[in-house]
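Each step along the sequence shown adds one to the number in our numbering, with nothing skipped, and position 51 is 57. Just so you know, even glycine gets a beta-carbon here, dropped at the ideal spot from N, CA and C.
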Amino acid sequence: MGCISFERLKVLPRSFLSCLLLLLPLVFLALFYFYPLTEIFLLSLMPEGQWQSAVFRRIFHSAYYGRILWFTFWQAALSTVLTLVLALPGAFVFARFRFPGKKLLNAFVTVPFVLPTVVVAAAFDSLLGSEGLITSFVSLRGFSFAISPGQGIWLILAAHVFYNYSVVIRIAGGFWAQMENSLADAARMLGASPFTVFRKITFPLLGPSILASGLLVFVFCFSSFGVILILGGPGFSTIETEIYRQAVHLFNLPVAAALSLLQIVFTFALMRIYTGFQRKISVSLHPESQSRAVRKPSSLSEKIMLGANVTFMFLFLGCPLLSLLLRSLLAEKGFSLAYYTALFQNENESIFFIPPVQAVLNSLGFAGITLIMALVLGSLAAVFLAKPESRLASFLDPIFMLPLSTSAVTLGFGFILALDRPPLNLRTSLMLVPIAHTLAAFPFVVRSLLPALRSIPRNLREAASVLGANPWQVWRTVDLPIIGRALLVAAVFAFTVSLGEFGATAFTARPHTATMPLAIYRFLGQPGAMNYGQAVAMSSLLMLVTAAGFFCIEKFQPGRHREF
């Protein structure tokens, strides 16, 4: 058979071509998400080829698991409410006001979300724990201050708000910035007060974006792992930490798999609702309306609101990060770079087979491969999902979000079980780590690209087609200039998510391919000031790399598509 020419491909229906391109992300998810999970469920729930439901009855009739389920729900709900209350004023500030340092602050606000949860937990522990900076400072003045293990819930809630603050800023603030002001202006001209305008016009229009951001925050807190494990201790256990305990410590795969299945079903339902809300908050692209909406604060109340929110962001988000930097520079004899220089050494007694700096290079290499894979797969999926009024797209949208809320521990075990024999014998392959990272970054790429793709006016594409442009030319001359910033955002998200991925990496990385989060965890698990110092030093490096990436986005790519 001869090769199919490009001219023959041009006559194929666009729907057929889009479905053909959709096969690649679907095959990727089938092989590296559903197949490993299926192997776990079959091995755990059907060990002898017959379904055994006793494990589910045990979970639902046990007071122990009942407490775990209840704590998982209420801590996630309370964390979500606190995040919305504290972040919505900040979303308004970013959406409506122009002020010096705004781009830098926006990058700074986003840094906590892309940090590994083990780093976030260590940052709060270094600030408020028994050996934290605040605890030490208060103790020097003759007072006693420390958060006891039984009060760890306050550290958990604070870390969750810290971690998810930027989710509300990007989703609610991004939509707020693109809202048309004509209705509000008309209401003010008719004599409505600012409060009436907000209550009757702004808030109803903003409602879907608030619900969407709240649902996403709830999912992240519901499946939180590192924060609960480190800050909560044995007294606080969620579904996620119980999956880890049952699978790793007790090797009770049936219970771990049953809990994973319950978690997946629940988060799939939430993601289905979330994607529905995000469709409602996708708006047409009107850059000129955004520039008119952003202004300098004029009244005293606006200046106070701006100052209070900026101060809160710097204090609440900056203090834990600053504590990491200070800890990394405070050696036994005062300020020193000893912990950083130790990263380039490999003593004979080291727990690593490679110098710690090699873990940094490994992370950068894996992140580069992940960036390429996630961008290709996520772009193909987002182009298909952006099609309006597609039932298949509305069904696939929450499916593509499933890796975002699935236990990394579960996926790590699934990789070991499913990818350790033919036809996918990848257990010793270097590609296993970037595959796992791509699975984690894929939903972020899709969520970053979807709003931009849905905002492209259809008449621009139709006009280009009428003038004789083929699909490739339409994409290059119409779509790409509009979604260029979203592509850059997606690339940075994929890169930083790979740098910070920890759960699945613990099972897929080999001793000579350790990454930065894995090195940090190993250092934290070893006694001694030097090990702790190297952990915070490497955490600080990871934080600085992440901050630099988002600063570049805000500096060179102005705009306001802050979406998840």
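Nearest-angstrom Cα separation, counted from residue j out to residue i
i	j	result
PHE62	ALA263	10 Å
GLY180	ILE140	35 Å
ARG176	ALA129	23 Å
LEU386	MET379	11 Å
ILE422	ARG433	7 Å
ALA553	THR502	10 Å
LEU459	PHE390	10 Å
TYR280	ALA348	45 Å
SER307	PHE322	22 Å
LEU486	GLY213	30 Å
LEU268	TRP76	14 Å
GLY474	VAL480	9 Å
GLU5	TYR527	Residue 5 falls outside the range modelled here, since the chain spans only 7 to 570, and no answer is possible.
LEU550	GLY72	41 Å
PHE272	ASN431	31 Å
GLN540	TYR169	23 Å
MET277	HIS443	20 Å
LEU494	PRO449	15 Å
SER1	PHE114	Only positions 7 to 570 of the chain appear in the structure, and residue 1 is not among them; the question remains open.
PHE226	ALA165	12 Å
ALA192	PHE98	20 Å
LEU445	PRO240	30 Å
Residue nearest to residue i in terms of C-alpha spacing, selected from the options
i	options	result
LYS393	ALA515, ARG464, TYR39, LEU35	ARG464
GLN252	LEU494, VAL415, VAL542	VAL415
ALA101	ALA525, ALA543, THR208, PHE322	THR208
PHE283	PRO457, ALA83, ARG516	PRO457
LEU221	THR552, PHE40, PHE79	PHE79
ILE441	GLU338, ARG460, SER461, GLY420	GLY420
TYR171	SER304, VAL117, LEU237	VAL117
SER305	LEU43, GLN540, PHE103, PHE77	PHE103
LEU43	LEU408, GLY374, THR502	LEU408
ASN258	TYR527, LEU51, LEU37	LEU51
VAL574	PRO210, LEU90, VAL174, PRO122	Absent from the structure is residue 574, since the part of the chain shown begins at 7 and ends at 570.
LEU377	GLU246, ALA496, LEU35	ALA496
GLU338	TYR538, PHE499, MET311	TYR538
LEU90	MET544, PHE224, HIS67, ALA314	PHE224
ILE245	ALA541, GLN81, GLU45, ILE489	GLN81
PRO429	LEU27, ILE46, PHE318, PHE38	PHE38
ALA127	SER454, GLY238, GLY96, LEU94	GLY238
Which of helix, strand or coil DSSP assigns to residue i
i	result
LEU259	helix
ALA69	helix
ARG433	coil
ALA337	strand
ARG301	strand
ARG427	strand
PHE322	helix
LEU550	helix
GLY565	Confidence at GLY565 is low in this model, with a pLDDT of 49, below 50, so its placement is unreliable and no value can be given for it.
PHE421	helix
ARG231	The amino acid occupying residue 231 in the given sequence is Phe; Arg does not appear at that position. The answer is coil: DSSP assigns PHE231 none of H, G, I, E or B.
PHE119	helix
PHE242	coil
PHE105	coil
SER400	helix
GLY474	coil
MET52	coil
ARG516	coil
GLY96	helix
ALA510	coil
TRP76	helix
GLY313	helix
Residue burial classification, residue i (beta-carbon count within 10 angstroms, cutoff 16)
i	result
TYR70	exposed
LEU362	A quick correction: the sequence has Pro, not Leu, at residue 362. With 16 or more Cβ atoms within 10 Å of its Cβ, PRO362 is classed as buried.
MET575	For residue 575 there is no data in the structure shown, the boundaries of the chain being 7 and 570.
GLN351	exposed
GLU569	For GLU569, the pLDDT reaches just 48, beneath the cut-off of 50, and the residue's location in the model is therefore unreliable, although a value from the coordinates is still provided. When all chains shown are included, GLU569 counts as buried.
SER334	buried
LEU30	exposed
THR514	buried
THR86	buried
GLY107	exposed
For residue i, the first and last residue of its enclosing alpha helix (DSSP H)
i	result
ALA388	362-391
LEU494	486-506
ALA442	438-460
TYR346	344-348
TRP160	158-184
PRO530	Reading the sequence as shown, one finds Leu at residue 530 and not Pro. Taken as a continuous stretch (DSSP letters only), the alpha helix (DSSP H) holding LEU530 covers 522-530.
Any C-beta of chain C under 8 Å from that of residue i
i	result
GLY107	Absence of chain C from the displayed structure is noted, only one protein chain being present.
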